[in-house]
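Quick notes on the structure that follows.
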Ligand code: NAD
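In my numbering, the protein residues as written are 1 to 363.
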């Protein structure tokens, strides 16, 4: 089986779907790996490293024309046109917001698997790219906050006096939020966190943060996710958490509901009640933002408060983001092709769950 790794074409995307170490593993397993020249360059993986790993360095057409194509971002319409009928594509596809790409893949008779649909069951943990990339976003959000904050994070006792530690509030304690808590604690901040799923309370405590107890009903959905909350619930949450937002130096928001716009947790009035110099890093910017004033992809200052709405933070740490992503992709590919040849078993929960289009179902 031939595996192709095209260069990512989306502006600002620096990750690559397969790093040389993962390519070596696939080659050892009997697969042929074709990597487009320069595909790993932005993540600091040279063509020479891929060749050392036993991969071939090729052009875009060869990489896209392989039996299995590995990508990070959904393919462009042009890319889809260059995929072979009957090929397998593994990528982030976000089918709920990319109906055109899904339709084009079906028309092209491609069997496409989306990493964001891999069920979050223990057996599929090695394929959980949502988690590997969310962990990076959580870590980076804290570094961005520390960089913008005109204060130290840790408590300092110096000859020139004592410096109080920064107070960090994390809203949403899923994968990204927990990593943001851990990173803030390592930098010495005093951290509190809130999530609508009380199940995360113990994890928050184990990282040395306080879990905010609000008199609100739990909003536990299925599969470990939150369910969508009513406008009345969100209004009460905003009221109850307003004083904690105002008391914080840094607020990191990660609240999300799969497939839905991000819940609005910080209205403009709450931003204005924060001390000038405070920082909000809104990890939900891509789905509209948890803060009313967030501008996706931008950083702004409102009444002295920095609001950072950068998207695709994993791409800003492309080496490790690609390394972890590649392990997830290689694990899913090995699942779909256990003996080095594709054997798609749609009675399997992972294969069926991650599948977006099947060559047999093409329109
Ligand atoms: P996510 O990105 O969908 O959401 C982030 C967090 O926002 C969630 O914890 C959610 O409860 C929270 N949230 C939603 N609305 C909120 C609100 N109004 N206020 C505060 N918080 C709000 O979720 P995620 O980080 O991808 O994962 C969530 C959970 O999924 C994990 O904590 C875990 O339980 C489960 N999970 C399981 C596995 C596995 O078993 N392999 C892997 C990863 C995650």
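Cβ coordinates follow ideal geometry from the N, Cα and C atoms, glycine included.
Source: prediction; values computed, not measured.
Which value, in whole angstroms, describes the spacing of the CA atoms of residue i and residue j?
i, j, result
"residue 34", "residue 357", "24 Å"
"residue 159", "residue 150", "20 Å"
"residue 216", "residue 266", "17 Å"
"residue 338", "residue 57", "25 Å"
"residue 36", "residue 66", "11 Å"
"residue 64", "residue 81", "9 Å"
"residue 373", "residue 333", "Residue 373 is absent from the model: the chain starts at 1 and stops at 363."
"residue 27", "residue 10", "27 Å"
"residue 349", "residue 244", "42 Å"
"residue 154", "residue 74", "41 Å"
"residue 1", "residue 29", "10 Å"
"residue 133", "residue 211", "24 Å"
"residue 146", "residue 152", "8 Å"
"residue 223", "residue 280", "29 Å"
"residue 207", "residue 178", "8 Å"
"residue 362", "residue 292", "Any reading at residue 362 is ruled out, since the residue's pLDDT is 42, under 50, leaving its predicted position unreliable."
"residue 61", "residue 41", "18 Å"
"residue 49", "residue 127", "24 Å"
"residue 163", "residue 129", "39 Å"
"residue 101", "residue 121", "27 Å"
"residue 119", "residue 352", "9 Å"
"residue 238", "residue 221", "20 Å"
Name the one or two DSSP bridge partners that residue i has.
i, result
"residue 68", "3, 88"
"residue 113", "90, 355"
"residue 292", "Residue 292 pairs with nothing; no bridge assigned."
"residue 211", "193"
"residue 169", "192, 251"
"residue 226", "220"
"residue 136", "In the DSSP output, where bridge partners are listed per residue, residue 136 has none listed."
"residue 162", "157"
"residue 58", "36"
Are the Cβ atoms of residue i and residue j separated by less than 8 Å?
i, j, result
"residue 15", "residue 278", "no"
"residue 189", "residue 204", "no"
"residue 113", "residue 144", "no"
"residue 331", "residue 18", "no"
"residue 96", "residue 283", "no"
"residue 257", "residue 228", "yes"
"residue 250", "residue 168", "yes"
"residue 53", "residue 20", "yes"
"residue 343", "residue 109", "no"
"residue 116", "residue 83", "no"
"residue 226", "residue 196", "yes"
"residue 313", "residue 91", "no"
"residue 304", "residue 273", "no"
"residue 252", "residue 200", "no"
Quick one, which of the options has its alpha-carbon nearest residue i's?
i, options, result
"residue 32", "38, 22, 41", "22"
"residue 288", "255, 275, 249", "255"
"residue 135", "183, 264, 5", "183"
"residue 302", "271, 224, 342", "271"
"residue 156", "132, 187, 108, 259", "187"
"residue 148", "320, 75, 174, 166", "166"
"residue 13", "355, 319, 4", "319"
"residue 72", "173, 323, 119", "323"
"residue 354", "140, 48, 328", "328"
"residue 276", "119, 262, 300", "300"
"residue 79", "286, 104, 99", "104"
"residue 3", "268, 55, 248", "55"
"residue 263", "44, 233, 335", "233"
"residue 68", "268, 200, 86", "86"
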